[in-house]
Structures are given as C-alpha cells and as structure tokens.
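Chemist:
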Amino acid sequence: MFCADCGSKLHFCAAKSLNANQENYRCANYKSGRGNCQIHYIRNVVLEKIVLEAINSLADFVRCYEPVFFT
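Residue numbers for the sequence shown follow the UniProt record's numbering, so the first one is 1 and each next one is one higher.
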C-alpha cells in the first residue's frame, strides 16, 4: 500500500496498548522524518472493513453474472 499524497510505502505500526484497534499503517516518509509528508495513516480495522466490503461487492457481481463467468 502507498501514501495517497507522496507515494511512499505504508508501514505497519503495532499498537502500544493491548487494544488492537490502534494498529495502523503509516506513511514511510512521515515515519522516518524524510520529506514534507504530513502524517498519513489508516487504522488496520478500517482497512479490513474496506477490503471486506470490496470482496463482498465483487462476489455479488460474480453471483449476478455467474453464467458469464462459468460458461
């Protein structure tokens, strides 16, 4: 995954508490102090929700057009 603004990789940052909801992916430029990128991050639970919704949407599409995919 990459930062939407600067294009740098997003690195996983583990939670410092026992709460897994704090785990996130953070822009490498911000994390290392290089460049002028502001903090760009996405929490792991938010990313999981987005990916799951995309997979479900694609599965619904395939189910609707199943004959086209499996002929």
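Even for Gly, the Cβ is constructed at its ideal location relative to N, Cα and C.
Since the model is a prediction, treat every value here as computed from it, not as a measurement.
Give the secondary structure of K49 by DSSP, where H, G and I count as helix, E and B as strand, and everything else as coil.
Modeler: Helix, per DSSP.
Chemist: Just the C-alpha distance for C37 and N19, rounded to the nearest angstrom, thanks.
Modeler: Spanning the two alpha carbons is a distance of roughly 27 angstroms.
Chemist: Using the DSSP secondary-structure output, state which residues sit across from Y65 in a beta bridge.
Modeler: Beta-bridge pairing links Y65 to no other residue.
Chemist: Answer with buried or exposed for Y65, where buried requires no fewer than 16 other C-beta atoms within 10 angstroms of its C-beta.
Modeler: Label assigned to Y65: exposed.
Chemist: Given this structure, state the Cα-to-Cα distance separating H11 from N29, to the nearest angstrom.
Modeler: Computed Cα separation, rounded: 10 angstroms.
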